[in-house]
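Chemist:
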Amino acid sequence: MPDLILHNGKLWTQDPRFPHATALAIGHGRILAVGSDHEILALAGPRTRTVDLEGRRALPGLTDAHFHFQRWALGRQRLALYGLGSREAVLDALGRRAEATPPGRWIVGQGWNETDWPEPRLLTRHDLDAVAADHPVLLWRSDLHLAVANTMALRTAGVAADTPDPEAGVVDRDAAGQPTGVLRDMAIGLVSSHLPEPTADEVDAAMRDAIAEAHRLGLTGVHDFRSGGPEEGRQAWQAWQRLWAAGELRLRVTAMISGEALDAALALGLRSGFGDDRLRIGGVKYFADGSLGARTAWMLEPYADSGSGLPVTPMAALADALARAHPAGLSLAVHAIGDRAVRELLDVFAEVLPQRPIVRSLSPINHWPLTIDHGPLTIDHSPVPHRIEHVQHSTPEDLRRLGSLGLVASVQPIHLVDDMALVERALGPRGRWAYAFRTLLDGGAVLALGSDCPVASPNPFWGIHAAVTRQRRDGTPPGGWYPEERLTVAEAVAGYTLGPAYAGGQLDRLGSLSPGKLADLVVLDRDLFAIPPAEIADTQVVMTVFDGEVIYSNGALA
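Residues are numbered in the numbering used here as their position in the sequence shown, beginning at 1, plus a constant of 168.
1. Can you name the start and end residues of the alpha helix (DSSP H) that residue 704 belongs to?
2. Straight-line CA distance for residue 487 to residue 494?
3. Report buried or exposed for residue 206, applying the criterion of at least 16 other Cβ atoms within 10 angstroms of its Cβ.
4. May I ask you to report which of helix, strand or coil DSSP gives residue 442?
5. How far does the beta strand (DSSP E) with residue 278 in it reach, from first residue to last?
6. Sort out for me which residues DSSP pairs residue 644 with in a bridge.
7. Quick test of your reading: residue 193 and residue 221, contact by CB under 8 Å. State the CB separation rounded to the nearest angstrom.
8. State the Cα-Cα distance for the pair residue 609 and residue 615, rounded to the nearest angstrom.
9. Rounded to the nearest angstrom, how far is the Cβ of residue 178 from that of residue 225, given a contact under 8 Å?
10. Just verifying my parser: in three-state terms, what is the DSSP assignment at residue 690?
11. From residue 438 to residue 556, what distance separates their C-alpha atoms?
12. How long is the line joining the alpha carbons of residue 326 and residue 699, rounded to whole angstroms?
13. For the alpha helix (DSSP H) that residue 711 lies in, which residues bound it at each end?
14. So, at 6 Å on beta carbons, what are the nonlocal neighbours of residue 483 in its own chain, with the 5 sequence-adjacent residues on each side left out?
15. Entirely within the region 625 to 670 and at least 4 residues each: give me those alpha helix (DSSP H) ranges in chain order.
16. Looking only at its chain, what residues have a beta carbon closer than 6 Å to the beta carbon of residue 316, apart from the 5 residues adjacent to it on each side?
17. Which parts of the region 289 to 321 are runs of the beta strand (DSSP E), unbroken and 3 residues or longer, counting only runs that do not cross its ends?
18. Considering Cα atoms alone, identify which of 240, 627, 424 and 296 is closest to residue 259.
19. What are the boundary residues of the alpha helix (DSSP H) that includes residue 256?
20. Taking buried to mean at least 16 other C-beta atoms within 10 Å of its own C-beta, is residue 314 buried or exposed?
21. Is residue 362 helix, strand or coil by DSSP?
22. Strictly by DSSP, which residues pair up with residue 582?
23. How long is the line joining the alpha carbons of residue 694 and residue 708, rounded to whole angstroms?
24. Run through DSSP, which three-state label would residue 172 get?
25. Given a cut-off of 8 Å on the beta-carbon distance, is the pair residue 233 and residue 611 in contact?
26. In the structure shown, what three-state DSSP assignment does residue 337 receive?
27. Where do the ends of the beta strand (DSSP E) carrying residue 503 lie?
28. With DSSP run on the structure shown, which of helix, strand or coil describes residue 457?
29. In the DSSP assignment, what residue or residues form a beta bridge with residue 178?
30. Curious, which full-length beta strand (DSSP E) runs of at least 3 residues does the region 554 to 602 contain?
31. To which residues of the same chain is residue 552 closer than 7 Å at the C-beta, ignoring the five residues directly before and after it?
32. For residue 681, name the three-state secondary structure that DSSP assigns.
33. Shortest alpha-carbon distance to residue 176 belongs to which of 262, 332, 190 and 599?
34. If we call anything under 8 Å between Cβ atoms a contact, is residue 228 one with residue 274?
35. For residue 318, count the other beta carbons within 10 Å of its own beta carbon; 16 or more makes it buried, fewer makes it exposed. Which is it?
36. Using only CA atoms, which one of 444, 186, 485 and 475 lies nearest to residue 454?
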């Protein structure tokens, strides 16, 4: 007998057996049946709750395939600098926070982005000192690959003129050799390692609050990544496990392991996919390079305004990690943004994995059928595929290689909204192959879409809007930025549903509204497939169902 029936809706099932379903029945956390109102309502018993969707569109539960959840949760309590349009606006926000903070206490913020400022230059310690000299300050740029510290923070961390650059990091210096306060990639850790660590109770409270916000946005799952080393990973894994043990983990979490922990994971015999339907091991996260904003993404040709970036992890080390992880059932998830990083990483996968799964069909019309042929893979290979994170800048031939290598392209359409001007300035005409989602998809790669939150907003409808229009939310540029790389609405929705399910090795239980699958779904205030694409970003969630339970409702449905 169903616990819950939803009817009189427009279900985007992504199951070709039920293309016109209007109702579904849920019981014990699973979808029991999908079909017409007449068929499904006939299954109701005396204790079945029925909800009339009043013709609204429903989708499978949405999963963000690249999320830094603990950083976002804690950052929601820090100084938010997203969307501020000038250096003066950032400094004004910092000054107000300094006035409200006792002297000597750390001020930590994130989200500033100089790209579209009237004077697009990086902040320096002198800028920060002018408004917050009595506090140690560390402000992350939006991409999390660059941060700026003020003088007190640098002194607290012992960063001075004679401090050497760490491996895969840069301390910017002025003409006199003194630190400017700008820290790139691994150099950020010189200062961030001195931040006071939050208590377990503080982390858990922040995570619970953030999970509720995810529900409001329609997210029922995340692929959780670490941007720092093993210590950050330990803290996040401990928090997820505490919430899981307390029965408070109402989110499907595929959590990554930091590359520095590979030896320990191998020694313990851990495998990708181990866990349950709420918390499971994903891949092992590595960095091949840095970011475009910090000019540390590793490029085949120099930037128009600086060098060619840098590798963060040597390719020989990545090849060794892949050769050891793959037969042990551990998948790799490797950050690669620059075209040289992507090319050399593809070469590593091609060399180390001569036998690989091939995705036979990925071109959706009304649905997105995924037919996976795993070929001659050995039985000890993890069902969780290897993946490249970001794939922001590449060449057409390399973009088409991902599909032939059986790799997931974990990409973030919402980034192109912030990066258009940056790409044009840094890469010029080479920007044609930035965020080339159509080329990736047509080449056979599975697309798993996400936000890289808190680098960008976790609102999935902003991400879908960016993928479909390749425009900012104000409609610029007219016609879209390199519009030939746009996705259809169906493809973008699949990127938040079927794509992450495949990337997490969970196609048998997630990604579509199919009988037997976990009962996760979201009901919207408008039909994404019927409205002008420009309106997609304004979509609001009416109801979110997780594990068969209504966990969020805006009150529009009884």
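Positions of the beta carbon are idealized from the N, C-alpha and C atoms, including for glycine.
Modeler: On the basis of the supplied data:
1. Element bounds for residue 704: n/a, residue is neither H nor E.
2. 11 Å
3. exposed
4. coil
5. 275 to 280
6. Paired residue(s): none; residue 644 is not in a bridge.
7. Their Cβ separation, rounded to whole angstroms, is 13 Å, which puts residue 193 and residue 221 out of contact at 8 Å.
8. 7 Å
9. 5 Å
10. strand
11. 21 Å
12. 56 Å
13. Taken as a continuous stretch (DSSP letters only), residue 711 belongs to no alpha helix (DSSP H), being part of the beta strand (DSSP E) at 709 to 714.
14. 512 and 516
15. 628 to 637 and 657 to 663
16. 291, 307, 349 and 350
17. 305 to 309 and 314 to 317
18. 296
19. 255 to 267
20. buried
21. coil
22. For residue 582, which the question treats as bridged, DSSP gives no partner whatsoever.
23. 8 Å
24. strand
25. no
26. strand
27. 500 to 504
28. strand
29. 225
30. 555 to 558 and 576 to 579
31. 440, 441, 450, 451, 499, 672 and 673
32. coil
33. 190
34. no
35. buried
36. 485
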